[in-house]
Every structure is written in structure tokens, then in C-alpha cells.
Amino acid sequence: MDSTKKQLRIATRNCGFIDPENIEDYIGARGYEALANAITKSTPAGIIDEMKKSGLRGRGGGGFPTGTKWSFAAANQADQKYVVCNADEGDPGAFMDRAILEGDPHSIVEAMALCGYAIGASIGVVYIRAEYPLAIKRLIMAINDARAYGLLGKNIFGSDFSFDIELKYGAGAFVCGEETALIRSMEGSRGEPYTKPPFPANAGYWGKPTIVNNVETFANIPAILVKGADWFSSIGTEKSKGTKVFALAGNITNVGLIEVPMGISLKEIIFEIGGGCPGGKAFKAVQTGGPSGGALTYKDADVPIDYDNLLAKNSMMGSGGMIVMDEDTCMVDIAKFFLDFTMDETCGKCTPCRIGSKRLYETLHKICDGQGTEADFEKMKTLAVNIKDTALCGLGQTMPNPVLSTMNTFADEYLAHVRDKKCPAGVCTNLLEIVIVPEKCVGCTLCARVCPVNCISGKVKEVHFIDQAACIKCGACIDKCKFEAIVKQ
């Protein structure tokens, strides 16, 4: 099956097709045409109107209309304004920003200049992970080449518009994906969110009007202004226009980046583009929105993917992480896994996030260890809702999503852990036993020879046995057995 058939590349249109280190390659692909037309043939208000008409929404997770955000900053009078590109993606397994910056850095340079022209800003800042050395190298090269060609700097295209870009380096903190935390980090302070209002478009970087968009959002802008807002708005759904880049990961055959039109179904993404789960395993769930999203099952497979439909399903678009899980995944354990990440990434400023996340994680750990009760199950749901309602920023408010989502969709799995002290998926080691089926064991001794703790005994050509007290549930014997005589239960 051709996994590219249902894809449509707008944000990633040039990736793999041009030399990212050659500005002339980008210009040959209609690069900087949008900037030239904007400065010589249009007006700042005209650019903002075109962005509004396109229906482009922020691809960083919030989904706020880009043109509307730009209009707020444009309406503010200030001696200095800023354009900030958030290139500090912190989701585990997500690399959309990295791929675009490495494959098409000039599209970001051009888009930031377009935004600067539209809102009246003269300085752009790319806040990028220091762990992205190739992206940084190519971005610096693109900025320098753009300056050399007169596409950045003073009096661009002979106009009175001047704009330049600098880089600020982050360390991949997940909380710095929140725009106010990002701004604080850029200013040299701890990356902690602050209460809004004021919004960055009114008072952001150094207290000045600031537009913060992520890499994918910016990558769409030159194409929109070259091909027109009507072209872009004809793609997608009524309220979510254009395409979305997703990072397919987990138990999926075709792992990697995809770019698809808004409105495509989960079924098309997972089975037609992703190729389904490998090894003939049954699909169980997909986590959309990264570690702060929610789990969707096969019953949601026909739902058109857009911002509003995912929210209605208690999930979210996020920045585009999409983690597929098969029948061997324990949904309690996966909720614990995501919570472990977000708990570690909390900035610690607000109590619901700092303390609530730890209590939530401890309860999940207790359930996975076989010590949980039904009272813990109910208590955990109440705590998760309270964190969601009272946390300061988006990270804290979405942190409980994997817990609430799996509790609602896989309540039977949670109850099996607390009532029956069993893990149906055979993942939680304290809730399972590895046993040898006597009828299938031929006494080949392979399992005994591979066991790292020597807990399997038996004579050659006789049924073997596992000492449950000594077994560490590593599963090495299961992998080694050629007769399917060893099972989890």
C-alpha cells in the first residue's frame, strides 16, 4: 500500500526536494515570493486579512486563529514589537519542528519576516532546542544567506521595512512550549508560565507586543500568501483548515512524519498510511496530542480529525504526536508512563500541578503494583478533575488527560487491576505470573538455559516448572520457547 497516497504536503512541501543549505534552491521553489509581494504590492492590513481568510489555526496545540492573533499585536502601538518562533518542541517522540527546520529553514525565515511586516515588528527570535545541532546550523546559515541577499536586515526590497532574526537556545523543557513560560526563559528567567491577561500579543517579550507561533504554523504562511487564502481554506474541515503534520510512533508499521488534510479519519491514518500494527497484532488505542492528549479506540476510527472533534472526544490535537498501541499495551501502565513524563516536566509554580501530579502518579503506581483499591480509583478521578480545573497553565490543565481518558475508555482494565489484581495485557509484573503449560512443554530445556535467575527447573524431555517466588517476569523464556508452552496469566 502506498502510504503517501492520502498525504498532502504544505508545511513540509520543500523537505527532501530542495537543498536546505542553498538559498537559490528555495528561491527556485517560489521562496521569498510571498515576502516580495507583501512588501511591494500589499499592506500589513492586507496580509492580516489574508491570514484571517485562510482560516489557519496555530499548530502548536492551542489552535488559536493565526490572523486574529496577528491583528491583536498589529493594533497595539509600541516602540518595539517581536516575532517569536517556538522551535522548542518537548513532546517525546515528536520531531515535526526539527524536520522542517532541517529540511526547509528558509520557509521559517520568510514567514517570520512576513509576520514582522504585518504587525510592525523589526526583530524576530527563534527559541530553539540546543539539542538540535543540525537544525541550528541550517537556520543560522539560512539567516546569514537571507541577509546577504537583502531579504533580512535594513530596507528589505528597497522599502522602509527592516527586520532581522536572532536565536535563543532552550534545553527542551516541555513547559516552555507554553508561550509565557517560553518568554520568561528567553528573558533569562526560569521557564515558568504567568497568569494571562496580559496576553503576549499585548505585553510579551520584555513587556512589548509579541507574536509567538510554532514552526509548523510559520511553515504554512509563505504557501498561503503565494497560492491564496481561498486555496488553503478549501482544504480541511469547516473549522480546521489546511493540513496537519503528525509524528506516527509506537506499535505502527510505518513510523515517521506524515502530513495529511484536516478531516482525514483515524482509520485512514493508522491502517492506510501507517500500515496498522506490526506482527498481526490487534489495534487497541491511539494517543493523540502527545503526553497531554487522550486515548482513542477503534470506535473512534471514523471520526474526522480536527481540533474540535478531538476535543469532543476528550483528546486534543496538540503539536501532532500520535502514539499507536496494540493489544499488548496496558492502558493503566501507559497512563502512568505519560504522567511520569509530565510530572517530571512541571515547573513547580502552582500547587495543583506540582503536588497533584505526584499524588496522581503515586496512586497509579500503587494500582499497577497490585496495591490499589476501588476507593483509589474514585479518588484518582476526583484528583485528576481538580488538577485540570485549577492548574495555572496548559501543561497542568492537560496533564491529567491520559488518566481521565483511559479511565473513561478502559475502566474495565483499571477495575481488573484493583478488583481482580490482574493486568489483562500482561504488562504489570506484580499482577502476572509466567507459567509453563504442561501439555505443550517437551522438556527441551531452552527456557531454563536462557533464564537469567535460574528459576526454571526440570529434566530433559520432561515438563519444566517456574519458581514464582524467584521469577522476575522478564519474559526471556517466552521469547525462547519454540512451542508456545510458556504464557503470561
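For the sequence shown, numbering that gives the first Met the number 0 begins at 0 and goes up steadily by one.
Note that the Cβ used here is the ideal one computed from N, Cα and C, for glycine as well.
All of these numbers come straight from a predicted model, not from anything done at the bench.
A distance below 6 Å between beta-carbons, with the five flanking residues on each side excluded, links Lys283 to the following residues of its chain, in chain order: Met324, Asp325, Glu326, Thr328. Contiguous alpha helix (DSSP H) elements confined to the region 102 to 150 occur at 104 to 118, 132 to 147, taking only those with 4 or more residues.
The three-state reading of DSSP puts Lys439 in coil, since its state is none of H, G, I, E or B.
Close CB contacts of Val254 within its chain, under the 7 Å cut and outside five residues either way in sequence, are with Leu247, Ala248 (chain order).
Counting C-beta atoms within 10 angstroms of its own C-beta, Phe94 has 16 or more neighbours from the protein chains shown and is therefore classed as buried.
Every unbroken stretch of the alpha helix (DSSP H) spanning 4 or more residues and falling wholly within the region 392 to 446 is given here in chain order: 393 to 397, 400 to 408, 410 to 414. Distances from the CA of Ile269 to each of Val285, Gly262, Gly279 were compared; the closest alpha carbon is that of Val285. The shortest C-alpha to C-alpha distance from Ser41 to any of Tyr116, Ile22, Gly89 is the one to Tyr116.
According to the DSSP secondary-structure assignment, Leu256 is paired through a beta bridge with Ala246. Remark: three or more beta-carbon pairs, one from each stretch, lie closer than 8 Å, so the region 142 to 162 and the region 20 to 39 are flagged as touching. Assignment of beta strand (DSSP E) within the region 144 to 221, counting only whole runs of 3 or more residues, yields 163 to 169, 209 to 213 in chain order. Apart from sequence neighbours up to five positions away, the residues of its chain that approach Pro221 with a beta-carbon distance below 6 Å are Ala33, Ser106, Glu109, Ala110, ordered along the chain. Scanning its chain for C-beta atoms nearer than 6 Å, with the 5 sequence neighbours on each side dropped, one finds around Asp18 the residues Asp24, in chain order. Closest in C-alpha terms to Pro399, from the list Gln370, Glu412, Val436, Thr345, comes Thr345. Non-local C-beta neighbours of Lys357 in its own chain, meaning closer than 7 Å and more than five positions away in sequence, comprise Met342, ordered along the chain. Met330: member of the alpha helix (DSSP H) spanning 330 to 344, first to last residue. The Cβ-Cβ distance between Glu191 and Lys348 falls below 8 Å. In the DSSP annotation of this structure, Asp327 is not part of any beta strand (DSSP E), being labelled neither H nor E. In the DSSP assignment, Ile485 falls within the unbroken beta strand (DSSP E) covering 485 to 487. For Asn385, no beta strand (DSSP E) encloses it; the enclosing alpha helix (DSSP H) starts and ends at 373 to 389.
For Ala469, no alpha helix (DSSP H) encloses it, and the DSSP letter there is neither H nor E. One thing to note: Lys226 has its Cβ no nearer than 8 Å to the Cβ of Tyr306. Cβ atoms of Ser404 and Gly293 come within 8 Å of each other, at about 3 Å. Residue pairing by DSSP places Thr287 opposite Gly293, Met321 in a beta bridge.
With a threshold of 16 other beta carbon atoms within 10 Å, Asp144 meets it and is buried. As computed with DSSP, Lys348 is found in no beta bridge at all. If you draw a straight line from the Cα of Leu133 to the Cα of His463, it is about 54 Å long.
DSSP, read as helix, strand or coil, puts Tyr81 in strand. The straight-line gap separating the alpha-carbon atoms of Ala35 and Thr179 is approximately 32 Å. Annotation for Ser356: the continuous alpha helix (DSSP H) segment containing it runs 355 to 367. Restricting attention to Arg137, Gly89, Val83, the CA atom closest to the CA of Gly320 is found in Gly89. Listed as beta-bridge partners of Ala86 by DSSP are Ile127.
For the options Leu414, Asn21, Gly395, the alpha carbon positioned closest to that of Tyr148 is the one of Asn21. Ser232 places its beta carbon 8 Å or farther from that of Gly59. Between Val124 and Lys68, the gap from beta carbon to beta carbon reaches 8 Å or more. The Cβ atoms of Gln370 and Glu432 do not sit closer than 8 Å to each other.
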